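Below: one structure, written as structure tokens.
In our numbering, the protein residues as written are 128 to 198.
Encoded structure:
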């Protein structure tokens, strides 16, 4: 099963190519302790809790790029 916006952050960050995609949108994500604590949450949930710092449009772009990575 491939990665998507519904994947848990820890699963996305475990894949180097997917982690690089996240870094494009959230610089420093690899070392941000807040995101490490959110590892069990989906990207969709994280965006909904971001207080507008991360947009739904950004989430859709990330989703498309993650899906393009394949399985």
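By construction, the Cβ of each residue, glycine as well, lies at the ideal position given by its N, Cα and C atoms.
Keep in mind the model is a prediction, meaning the values are calculated, not measured.
For residue i, the residue or residues it bridges with in DSSP
{"i": "residue 135", "result": "169"}
DSSP three-state assignment for residue i, whether helix, strand or coil
{"i": "residue 140", "result": "helix"}
{"i": "residue 153", "result": "coil"}
{"i": "residue 175", "result": "helix"}
{"i": "residue 190", "result": "helix"}
{"i": "residue 160", "result": "helix"}
Close Cβ partners of residue i (< 8 angstroms) along its chain, the five nearest in sequence each way excluded
{"i": "residue 194", "result": "129, 130 and 131"}
Chain-order list of residues whose beta-carbon lies under 7 angstroms from that of residue i (same chain, five-residue window excluded)
{"i": "residue 152", "result": "185 and 189"}
{"i": "residue 135", "result": "166, 167, 168 and 169"}
{"i": "residue 143", "result": "none"}
Reference residue i; option with closest CA among the options
{"i": "residue 191", "options": "141, 145 and 181", "result": "145"}
{"i": "residue 158", "options": "171, 141 and 174", "result": "141"}
{"i": "residue 163", "options": "138, 179 and 171", "result": "138"}
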